[in-house]
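Trainee:
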């Protein structure tokens, strides 16, 4: 099967436009880490995962958990684009009464598999979901997106040890390695490298990819799993990817653009204001 | 002398019974299965038992994931490491989500004994009670523990069950009529009321019996459900008797005493004396010695009733 990379890249661009629109409308939120993950999330929701927006609770579905829950705008953008809820609703992000909470709420939004936001918990819960699928002999994949700053949390390593111990080859974690966290570069705050060797030593199979190269991402998602081992896709990314003035600037971790900036961002992404 | 059985022992037994009849039940433990008694479930339903090791944050995160996938999850460790170590995981992954996890925490309170203050959870009821939607149970004996855990397994949503290490007297003859959210009146009486929870229920009964010899009719209520608390039973005690003594193997801050005072202050102000641990940490010692040293015996309850007698509202 040939993969239409152009179509996937177009979808990723649409998600980025939705991220800017929703964060601008909310006047708060996390654009940087949402933009860095847009290609990965696109590959999952529009290529790899078996899901059915008409049956969000379909019991044979693959599941995605956004462990870095502050990147909610990219998840909401993907779910809306995929038809889980109307795209217009994206403009209600973070507002009183909206289903689209600042961090994802599984009890409010169809398609959100788990409420996340407190870092590290999503990976731990994903381990539980992967165990559940093993217990029930369900042939589905559990995919979880984690941040690079997030792996400073101790629970990540508890969960990593547990996933290897229980041989969860149905679990794939994708690490959005944009190198930045709120206070600056990971390496200046608390060093996280070498990430690949850390996970390998914890018993994981590690695949390194360019997190903005759709061919590499889809190939890693399609690659044969190593029997009895969980997989980490270490995706090198650029925080704020796609918007020139946000790229590589930790200041855009948790800040909304003003109108001029939002117009500029959408223009760069090929959208119309 | 009545039989003495630890509530954790009752938990281990009822878990096997539940596990054999309900295939959706999965049990997790944090390297304490021989102490929490989940080892019996492992022996009989091994494919649904997972030891998560000494990693309590992950223990409750994994529990949440299993519950999100439709399992009824029982997750056990000591109360200190459940309510304490893993608090924010429980709050966000189990409380905020409302997932179907039964946190069965053993070795609660100072009757842990010799391990000392670092291992004696005296604040777990307070910590769990403040989480929206969390049902909080504190059974008095083996019979009520089994009844309440069976009901917890049937209901959807998060439940915290406080269990003890120490073998304690059985106070119930039979399990019928023990319902979550419904306090049990174990002695009728209109002079004063003792509202007790957990192992203090037996001390309350001893206190009531001794006071009966002096002609006082003491109402004794087993408040096995700390949340949602039985408001009617508390208002009844406040309006029909001369005052309330609360008794708990827990800090006097934030637990049963506070919960009762919250109800009376809104609906039926009355005098309350709180018997419990007086805002101090525990220490090593034999459980029985610690009960006396930290003011958790029937003698303290009697003193509290006397204090009420001397101080009408």
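Residue numbers (this note's numbering), protein chains in the order written: chain A, 1 to 273; chain B, 1001 to 1313.
Each residue gets a CB set at the ideal place from its N, CA and C atoms; glycine is no exception.
Residue 219 of chain A to residue 252 of chain A, Cα distance in whole Å?
Mentor: For the purposes of this step, residue 219 of chain A is taken as the residue at position 219 of the first chain. For the purposes of this step, residue 252 of chain A is taken as the residue at position 252 of the first chain. Computed Cα separation, rounded: 30 Å.
Trainee: Near residue 92 of chain A, which residues of its chain fall below 8 Å by C-beta distance, leaving aside the five closest residues on each side in sequence?
Mentor: Locating residue 92 of chain A in the first chain gives position 92, where the first residue counts as 1. Sequence-distant partners of residue 92 of chain A (beyond 5 residues in either direction) whose C-beta falls short of 8 Å from its own C-beta, in its chain, are 25, 98, 99 and 100.
Trainee: Let me see if you follow: with CB-CB separation under 9 Å, is residue 1050 of chain B close to chain A or not?
Mentor: The residue given as residue 1050 of chain B occupies position 50 in the second chain. Judged by the 9 Å Cβ criterion, residue 1050 of chain B is in contact with chain A.
Trainee: Measuring CA to CA, which of B:1114, B:1058 and B:1068 is closest to residue 1087 of chain B?
Mentor: Along the second chain, one-based indexing puts residue 1087 of chain B at 87. Nearest C-alpha to residue 1087 of chain B: B:1058.
Trainee: Please tell me whether residue 1020 of chain B has its Cβ less than 9 Å away from any Cβ of chain A.
Mentor: Along the second chain, one-based indexing puts residue 1020 of chain B at 20. It does not: the Cβ of residue 1020 of chain B has no partner Cβ on chain A nearer than 9 Å.
Trainee: Check distances from the C-beta atoms of the segment 127 to 154 of chain A to those of chain B and list, in chain order, the residues that come in under 9 Å.
Mentor: Cβ contacts with chain B: 127, 128, 129, 130, 131, 132, 133, 135, 136, 138, 142, 153 and 154.
Trainee: Between B:1081, B:1236, B:1106 and B:1107, which lies nearest to residue 1191 of chain B when the distance is taken from Cα to Cα?
Mentor: The sequence position of residue 1191 of chain B within the second chain is 191, counting from 1. With distances taken between Cα atoms, residue 1191 of chain B lies closest to B:1236.
Trainee: I'd like to know whether the C-beta of residue 1202 of chain B is nearer than 9 Å to at least one C-beta of chain A.
Mentor: Indexing the second chain from 1 puts residue 1202 of chain B at position 202. Chain A, which has no Cβ nearer than 9 Å to the Cβ of residue 1202 of chain B, makes this no.
Trainee: With DSSP collapsed to three states, give me the class of residue 6 of chain A.
Mentor: Counted from its first residue, the first chain places residue 6 of chain A at position 6. Looking at residue 6 of chain A - three-state DSSP - the assignment turns out to be helix.
Trainee: In angstroms with no decimal places, state the Cα-to-Cα distance between residue 1290 of chain B and residue 132 of chain A.
Mentor: To locate residue 1290 of chain B, count along the second chain from 1; it is residue 290. To locate residue 132 of chain A, count along the first chain from 1; it is residue 132. So the alpha carbons of these two residues sit roughly 43 Å apart.
Trainee: Excluding sequence positions up to five away, which residues of its chain have a Cβ less than 6 Å from the Cβ of residue 1189 of chain B?
Mentor: Residue numbering aside, residue 1189 of chain B sits at position 189 when the second chain is read from its first letter. Around residue 1189 of chain B: 1217, 1218 and 1219.
Trainee: For the segment 1086 to 1120 of chain B, enumerate the residues whose C-beta is nearer than 7 Å to any C-beta of chain A, in chain order.
Mentor: 1088, 1089, 1092, 1093, 1096, 1097 and 1098
Trainee: Go through the segment 1073 to 1132 of chain B residue by residue and report every complete run of the alpha helix (DSSP H) that reaches 4 residues or more, in order.
Mentor: Counting whole runs of 4 or more residues, the segment 1073 to 1132 of chain B contains the alpha helix (DSSP H) stretches 1124 to 1129.
Trainee: Counting only the same chain and skipping the five closest in sequence on each side, list residues whose C-beta sits under 7 Å from that of residue 51 of chain A.
Mentor: One-based indexing of the first chain puts residue 51 of chain A at position 51. Cβ neighbours of residue 51 of chain A beyond the five flanking positions: 61 and 62.
Trainee: Can you pull the DSSP bridge partners for residue 1192 of chain B?
Mentor: Residue numbering aside, residue 1192 of chain B sits at position 192 when the second chain is read from its first letter. Note: residue 1192 of chain B sits in a beta bridge opposite B:1218.
Trainee: Identify whether residue 1185 of chain B lies in helix, strand or coil by the three-state DSSP scheme.
Mentor: Mapped onto the second chain, residue 1185 of chain B falls at position 185. Correct three-state label for residue 1185 of chain B: strand.
Trainee: According to DSSP, simplified to helix, strand and coil, what is residue 104 of chain A?
Mentor: Position 104 of the first chain, counted from the first residue, corresponds to residue 104 of chain A. If DSSP states are grouped into helix, strand and coil, residue 104 of chain A belongs with coil.
Trainee: Can you check which of these residues, B:1193, B:1221, B:1091 and B:1077, is closest to residue 121 of chain A by C-alpha distance?
Mentor: Indexing the first chain from 1 puts residue 121 of chain A at position 121. The shortest Cα separation from residue 121 of chain A among B:1193, B:1221, B:1091 and B:1077 belongs to B:1091.
Trainee: Near residue 1142 of chain B, which residues of its chain fall below 7 Å by C-beta distance, leaving aside the five closest residues on each side in sequence?
Mentor: Position 142 of the second chain holds residue 1142 of chain B. Within the same chain, residue 1142 of chain B has close Cβ partners 1005, 1007, 1009, 1010 and 1170.
Trainee: At a threshold of 8 Å, does residue 57 of chain A count as lining the ligand ATP (C-beta to nearest heavy atom)?
Mentor: No copy of the ligand ATP appears in this structure; indeed no ligand is present at all.
Trainee: Taking all protein chains shown into account, decide if residue 258 of chain A is buried (16 or more other Cβ within 10 angstroms of its Cβ) or exposed.
Mentor: Your numbering for residue 258 of chain A matches position 258 in the first chain. Residue 258 of chain A comes out exposed.
Trainee: Assuming residue 1254 of chain B contacts residue 1066 of chain B under a Cβ cut-off of 8 Å, what Cβ separation, rounded to an integer in Å, is found between them?
Mentor: Within the second chain, numbered from 1, the residue matching residue 1254 of chain B stands at position 254. Within the second chain, numbered from 1, the residue matching residue 1066 of chain B stands at position 66. That pair is no contact at about 30 Å.
Trainee: Pairing CB atoms from the segment 15 to 32 of chain A with CB atoms from the segment 192 to 200 of chain A, are three or more of them under 8 Å?
Mentor: no
Trainee: Name the chain A residues that come within less than 9 Å of residue 1205 of chain B, Cβ to Cβ?
Mentor: Start at 1 with the first residue of the second chain, and residue 1205 of chain B comes out as number 205. Residues of chain A passing the Cβ test: none, with the nearest at roughly 42 Å.
Trainee: Taking C-beta pairs closer than 7 Å, name the residues in chain A that residue 1064 of chain B reaches, listed in chain order.
Mentor: The sequence position of residue 1064 of chain B within the second chain is 64, counting from 1. Per Cβ cutoff of 7 Å: 125 and 128.
Trainee: Could you have a look at residue 1001 of chain B and say whether DSSP puts it in helix, strand or coil?
Mentor: For this step, residue 1001 of chain B is matched to residue 1 along the second chain. The predicted model places residue 1001 of chain B with a pLDDT of 47, which falls under 50 and marks its position as unreliable, so this point remains unresolved.
Trainee: If you check the beta carbons only, do residue 1271 of chain B and residue 1246 of chain B fall under 9 Å apart?
Mentor: Your numbering for residue 1271 of chain B matches position 271 in the second chain. Your numbering for residue 1246 of chain B matches position 246 in the second chain. No. Outside cutoff.
Trainee: Cβ of residue 1011 of chain B less than 9 Å from any chain A Cβ?
Mentor: One-based indexing of the second chain puts residue 1011 of chain B at position 11. So no, residue 1011 of chain B is outside the interface.
Trainee: Please confirm if the segment 1034 to 1054 of chain B is in contact with the segment 101 to 121 of chain A, defined as three or more CB-CB distances below 8 Å between the two stretches.
Mentor: In short, these stretches do not touch, since the Cβ pair count stays below three.
Trainee: Compare the C-beta of residue 121 of chain A with all C-beta atoms of chain B and state if any pair is closer than 9 Å.
Mentor: Within the first chain, numbered from 1, the residue matching residue 121 of chain A stands at position 121. True, the Cβ-Cβ gap to chain B drops below 9 Å.
Trainee: Using the beta-carbon count (16 or more within 10 Å), is residue 1012 of chain B buried or exposed?
Mentor: Translated into the one-based positions of the second chain, residue 1012 of chain B becomes position 12. It is buried - the Cβ of residue 1012 of chain B has at least 16 other Cβ atoms within 10 Å.
Trainee: Would you say residue 1060 of chain B and residue 1094 of chain B are within 9 Å of each other, going by their C-beta atoms?
Mentor: For the purposes of this step, residue 1060 of chain B is taken as the residue at position 60 of the second chain. For the purposes of this step, residue 1094 of chain B is taken as the residue at position 94 of the second chain. Against a cut-off of 9 Å, the Cβ pair of residue 1094 of chain B and residue 1060 of chain B comes out as a contact.
Trainee: If you check the beta carbons only, do residue 1179 of chain B and residue 1151 of chain B fall under 9 Å apart?
Mentor: On the second chain, residue 1179 of chain B is found 179 positions in, with the first residue counted as 1. On the second chain, residue 1151 of chain B is found 151 positions in, with the first residue counted as 1. Cβ atoms of residue 1179 of chain B and residue 1151 of chain B: closer than 9 Å.
Trainee: Looking at residue 21 of chain A: is its Cβ nearer than 9 Å to the Cβ of residue 242 of chain A?
Mentor: For the purposes of this step, residue 21 of chain A is taken as residue 21 along the first chain, with counting starting at 1. For the purposes of this step, residue 242 of chain A is taken as residue 242 along the first chain, with counting starting at 1. Cβ distance not < 9 Å, so residue 21 of chain A and residue 242 of chain A don't count as in contact.
Trainee: Does any C-beta atom of chain B lie closer than 9 Å to the C-beta of residue 106 of chain A?
Mentor: Position 106 of the first chain, counting from 1, holds the residue named residue 106 of chain A. Residue 106 of chain A counts as touching chain B.
Trainee: If you drop the 5 nearest sequence neighbours on each side, which residues of the same chain put their C-beta closer than 7 Å to that of residue 39 of chain A?
Mentor: Residue numbering aside, residue 39 of chain A sits at position 39 when the first chain is read from its first letter. Excluding residues within five positions, the ones whose Cβ falls inside 7 Å are 12, 211, 212, 214 and 217.
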